[in-house]
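Chemist: Heads up, my numbering is the position in the sequence shown plus 1, with the first residue counted as 1.
Let me give you the structure first, and then I'll get to my questions.
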Amino acid sequence: QLLRHSLHHPHSMSAITSQVLTGCVATAAARPRVAGARRAAVSASPAISTTSAFFSTKGKAAARSLTVRVAAEAAPAVLGVFKLEYDISKDDKTKSAGWKPTIVIAVSGAAGQISNHLLFKIASGEVYGKDQPIALKLLGSDRSREALEGVAMELEDSLFPLLREVSIGVDANVVFADADWALLIGAKPRGPGMERSDLLEMNGKIFVEQGQALNKVAKPTCKVMVVGNPCNTNALICMENAPNLSRKNFHALTRLDENRAKCQLAIKAGVFYDTVTNVTIWGNHSTTQVPDFVNAKIGGERAMDVITDHTWLETGFTPAIQTRGGALIKKWGRSSAASTAVSIADAIKSLVVPTPEGDWFSTGVCTDGNSYGVAEGIIYSFPCRSKGDGSYEIVDGLEINDWLRERIKKSEAELTNEADCVSHLTGKLGGACVLVGDAADTMLPGEM
2 QLLRHSLHHP
12 HSMSAITSQV
22 LTGCVATAAA
32 RPRVAGARRA
42 AVSASPAIST
52 TSAFFSTKGK
62 AAARSLTVRV
72 AAEAAPAVLG
82 VFKLEYDISK
92 DDKTKSAGWK
102 PTIVIAVSGA
112 AGQISNHLLF
122 KIASGEVYGK
132 DQPIALKLLG
142 SDRSREALEG
152 VAMELEDSLF
162 PLLREVSIGV
172 DANVVFADAD
182 WALLIGAKPR
192 GPGMERSDLL
202 EMNGKIFVEQ
212 GQALNKVAKP
222 TCKVMVVGNP
232 CNTNALICME
242 NAPNLSRKNF
252 HALTRLDENR
262 AKCQLAIKAG
272 VFYDTVTNVT
282 IWGNHSTTQV
292 PDFVNAKIGG
302 ERAMDVITDH
312 TWLETGFTPA
322 IQTRGGALIK
332 KWGRSSAAST
342 AVSIADAIKS
352 LVVPTPEGDW
362 FSTGVCTDGN
372 SYGVAEGIIY
382 SFPCRSKGDG
392 SYEIVDGLEI
402 NDWLRERIKK
412 SEAELTNEAD
422 CVSHLTGKLG
432 GACVLVGDAA
442 DTMLPGEM
């Protein structure tokens with residue numbers, strides 16, 4: 002009505018246009034959108050220039066000058082979000098019959114290469130199930146906002162039926178609101194000459210903020226998967242800053258290491274990957290990790306009975322898994338992205354699908370109450386199983402021979418030292434950081 006009035010009364014256009022344009026900017030900022038809906042403005046200027054096109058030729062000159070003035074006066078619009086604007090009850094009943102309630106999945110580092118592989122697997126239903134509709138909330142930064150918009154556009158164009166909403170933003174307190182899952186992929190890489198303790202400090206501050214945001218706005222039942230390295234200690238920092246969430250809700254990704262171990266055992270045994278089970282990664286996602294061939298099975302038999310070259314298991318297989326990331330970057334020129342995305346999907350599926358009888362999976366979890374004597378209060382990778390409801394239990398009673406025990410304790414010591422380095426970020430005092438110098442540097446090359 003205001004626009005119609007301005008066409009007949011151009012002299013009153015100034016005040017009226019300010020109202021209209023301010024309203025357009027506010028509406029664009031507040032209304033989210035997804036596939037199939039008309040795109041909302043992502044900044045003040047596109048909203049204003051589109052609005053000015055409605056004016057008659059008579060008022061164009063005035064409208065152009067007002068556009069510039071209002072654009073300068075209006076507060077910058079928040080990063081645009083996309084949302085499906087229709088009533089799901091009107092969907093084809095045969096298509097959505099039996100669907101579960103929509104869950105909210107928040108993803109940090111959403112404009113990165115790992116997310117570019119992962120998000121489409123999630124949206125397709127491959128990860129959470131073909132009956133699980135999802136809402137994706139994607140967290141980026143001011144620098145990556147345009148790339149984030151591009152990701153959202155590609156998700157729109159892919160026409161995933163289960164993808165009910167996509168929203169994008171740069172504020173964790175907004176993006177993490179009501180999250181059922183938080184996949185924390187984003188982290189800063191190590192710069193030239195940077196000590197590992199400096200890397201922990203730099204990324205630690207990010208995970209303090211994200212942990213506090215989860216504590217404030219996510220659902221108390223939210224499951225958190227930390228991928229950004231150093232993921233074990235980043236998960237610890239996040240957990241300690243989110244006391245409203247159960248400590249059992251936090252995971253550090255070690256599934257990529259497990260997948261790599263299964264691959265190498267299968268190749269050595271001359272069998273296919275799916276015959277390899279019961280593989281554990283103990284400890285830290287670093288070169289102190291312990292890929293467990295003692296309890297692994299190949300075709301239902303002990304791996305050590307199938308692969309009789311035990312020297313290879315100790316001196317070939319183990320370091321190959323510990324340094325696989327570095328070997329890959331030498332060949333590929335960059336760190337793994339696609340295989341990391343696959344492993345994140347596998348790690349989630351291990352929590353939302355019941356673990357096969359007698360098997361287990363690896364994930365970094367809080368050590369509180371563990372039966373293996375690992376120090377409490379750190380995030381350490383253990384063999385776990387799940388009922389498929391998002392929960393897990395640590396598998397007890399595995400054989401720990403002297404070879405395993407020595408290496409399990411070494412990775413524990415490293416994680417304890419890391420925890421000391423970030424004690425000021427986790428509410429604890431008195432920790433002394435000793436992770437300085439090449440001797441203490443055990444990060445996976447290419448995955449920093």
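Glycine included, every Cβ here is placed at the ideal spot set by N, Cα and C.
Predicted model, so just to flag it, every value in this text is computed and none were measured.
Given a threshold of 16 other Cβ atoms within 10 Å of its Cβ, counted over all protein chains shown, does Lys131 qualify as buried or as exposed?
Modeler: Its Cβ having fewer than 16 others within 10 Å, Lys131 is exposed.
Chemist: Out of curiosity, what's the CA-to-CA distance linking Ile282 and Ile322?
Modeler: Looking at the two C-alpha atoms, the distance is approximately 10 Å.
Chemist: Going by DSSP in three states, Cys232 sits in which element: helix, strand or coil?
Modeler: Residue state, collapsed to three classes: helix.
Chemist: Taking the C-alpha atoms as reference points, what is the distance between Leu215 and Gly110?
Modeler: Going by the C-alpha atoms only, they are around 16 Å apart.
Chemist: Within the same chain, show all residues whose beta-carbon is closer than 6 Å to that of Leu329, passing over the 5 residues directly before and after it, in chain order.
Modeler: Taken in chain order, the residues that qualify are Ser337.
Chemist: Run through DSSP, which three-state label would Lys429 get?
Modeler: The answer is coil: DSSP assigns Lys429 none of H, G, I, E or B.
Chemist: Buried or exposed for Ser344, please, with buried defined as at least 16 other CB atoms from any protein chain shown within 10 angstroms of its CB.
Modeler: Buried.
Chemist: With DSSP collapsed to three states, give me the class of Phe121.
Modeler: Note: Phe121 maps to helix in three-state DSSP.
Chemist: Going by DSSP in three states, Met195 sits in which element: helix, strand or coil?
Modeler: Met195: coil per DSSP, three-state reduction.
Chemist: Identify every run of the beta strand (DSSP E) within the stretch 309 to 378, keeping only runs that are complete inside it and at least 3 residues long; order them along the chain.
Modeler: Runs of the beta strand (DSSP E) inside the stretch 309 to 378: 362 to 367.
Chemist: From Ala136 to Gly389, what distance separates their C-alpha atoms?
Modeler: Rounded to whole angstroms, Ala136 to Gly389 spans 20 Å at the Cα level.
Chemist: Give me the Cα-Cα distance between Gly300 and Gly170, rounded to the nearest whole angstrom.
Modeler: Answer to the nearest angstrom: the Cα atoms are 47 Å apart.
Chemist: Going by the DSSP bridge assignment, what does Glu400 pair with across the sheet?
Modeler: Paired residues: none, contrary to the question.
Chemist: Using DSSP with H/G/I as helix, E/B as strand and the rest coil, what is Ser473?
Modeler: With the chain covering only 2 through 449, there is no way to say anything about residue 473.
Chemist: Run the CB neighbour count on Thr234, radius 10 Å, all protein chains shown included, and call it buried at 16 or more, exposed below.
Modeler: Label assigned to Thr234: buried.
Chemist: Pick out whichever of Glu127, Lys189, Trp100 has its Cα sitting closest to the Cα of Gly113.
Modeler: Among Glu127, Lys189, Trp100, the Cα nearest to that of Gly113 belongs to Lys189.
Chemist: Would you call the CB atoms of His252 and Gly365 closer than 8 Å?
Modeler: In this structure, Gly365 lies closer than 8 Å to His252 by Cβ.
Chemist: Look up Leu224 in the DSSP assignment and say whether it is helix, strand or coil.
Modeler: It is worth fixing the name first, because residue 224 is Lys in this sequence and not Leu. Strand, per DSSP.
Chemist: What does a CB cutoff of less than 7 Å around Gly391 pick up in its chain, not counting 5 residues either side in sequence?
Modeler: So the list reads Lys224, Leu352, Val353, once near-sequence residues are dropped.
Chemist: Apart from the five residues just before and just after Lys429, which ones in its own chain have a Cβ nearer than 7 Å to its Cβ?
Modeler: Closer than 7 Å at the Cβ level, and outside the excluded window around Lys429, lies no residue.
Chemist: Applying the criterion that 16 or more other CB atoms from any shown protein chain within 10 Å of the CB defines a buried residue, is Tyr274 buried or exposed?
Modeler: Burial call: exposed.
Chemist: Report the rounded CA-to-CA distance for Val228 versus Ser116, giving the unit in angstroms.
Modeler: The straight-line gap from Cα to Cα measures roughly 11 Å.
Chemist: In the DSSP assignment, what residue or residues form a beta bridge with Val291?
Modeler: According to DSSP, which records beta bridges pairwise, Val291 is partnered with Trp283.
Chemist: Determine, using beta carbons only, whether Ala414 comes closer than 8 Å to chain C.
Modeler: The structure shown contains no chain C; it is built from a single protein chain.
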